[in-house]
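Asks: In the working numbering, the protein residues as written are 4 to 158.
Here a beta-carbon is modelled for each residue, glycine too, at the ideal position from N, C-alpha and C.
1. Buried or exposed for residue 154, please, with buried defined as at least 16 other CB atoms from any protein chain shown within 10 angstroms of its CB.
2. Can you tell me whether residue 86 is buried or exposed, with buried defined as 16 or more other CB within 10 angstroms of its CB?
3. Ends of the beta strand (DSSP E) at residue 114?
4. So, under 8 Å CB-CB, residue 67 and residue 120 are touching, yes? Tell me the CB distance rounded to an integer number of Å.
5. Under 7 Å, do residue 84 and residue 75 count as touching if we go by C-beta distance?
6. Within this structure, are the beta carbons of residue 61 and residue 93 separated by less than 7 Å?
7. From which residue to which residue does the beta strand (DSSP E) around residue 123 run?
8. Just confirm the distance between the C-beta atoms of residue 123 and residue 111, as a whole number of angstroms; I'd bet it's less than 8 Å.
9. What does the alpha-carbon distance come out to for the pair residue 88 and residue 70?
10. Less than 7 Å between C-beta atoms, sequence neighbours within five positions excluded: which residues of the same chain meet that for residue 141?
11. Using three-state DSSP, classify residue 66 as helix, strand or coil.
12. Using alpha carbons as the reference points, say which of 128, 105, 72 lies closest to residue 99.
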């Protein structure tokens, strides 16, 4: 049985993605009027709106496992290998407590220990220790909503 990919497509139109439909709107290299924009075909094989949350949850579930085996399985189930290293630190200077993916999704930073296992940089960080940076977004840490409320900065 083939395992599911560790990424998913997202409807980017539902997330307020900015689209330029003005008079200089371009598709396939031709300058066209905005009223003709809907009649043109989109380019094929262009990747838009991919969500790698399943990858990050997979990696977090493999903490303590041998990195070579985890990396092999993850890369076989991905379209490209780069997103793995958005969360896994390869060098000492990359070892931060967490990483921000998108506008408000935080994930524990992982690294490969000397014994070859995948580990969390700071296991003491959690959704109760971080504070949101704005009121409008739902902030999450490893998929769990922050428990602290946004505090307005008074100057």
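Replies: Per the coordinate set shown:
1. Position 151 of the chain shown, counted from the first residue, corresponds to residue 154. Per the 10 Å Cβ criterion, exposed.
2. To locate residue 86, count along the chain shown from 1; it is residue 83. Buried.
3. Taking the chain shown and counting its residues from 1, the one referred to as residue 114 is at position 111. Unbroken beta strand (DSSP E) run through residue 114: 113-115.
4. For the purposes of this step, residue 67 is taken as residue 64 along the chain shown, with counting starting at 1. For the purposes of this step, residue 120 is taken as residue 117 along the chain shown, with counting starting at 1. Right, their Cβ atoms sit about 6 Å apart.
5. In the chain shown, residue 84 corresponds to position 81, counting from 1. In the chain shown, residue 75 corresponds to position 72, counting from 1. Cβ atoms of residue 84 and residue 75: not closer than 7 Å.
6. Against the chain shown, residue 61 aligns to sequence position 58. Against the chain shown, residue 93 aligns to sequence position 90. Contact flag unset, no.
7. Within the chain shown, residue 123 is the residue found at index 120, counting from 1. Its beta strand (DSSP E) spans residues 121-123.
8. The residue given as residue 123 occupies position 120 in the chain shown. The residue given as residue 111 occupies position 108 in the chain shown. Confirmed, about 5 Å.
9. One-based indexing of the chain shown puts residue 88 at position 85. One-based indexing of the chain shown puts residue 70 at position 67. Taking the straight line from one Cα to the other gives about 12 Å.
10. On the chain shown, position 138 is the one that residue 141 refers to. The residues are 107, 148.
11. For the purposes of this step, residue 66 is taken as the residue at position 63 of the chain shown. Looking at residue 66 - three-state DSSP - the assignment turns out to be coil, as it is neither helix nor strand.
12. Translated into positions along the chain shown, residue 99 becomes position 96. The shortest Cα separation from residue 99 among 128, 105, 72 belongs to 128.
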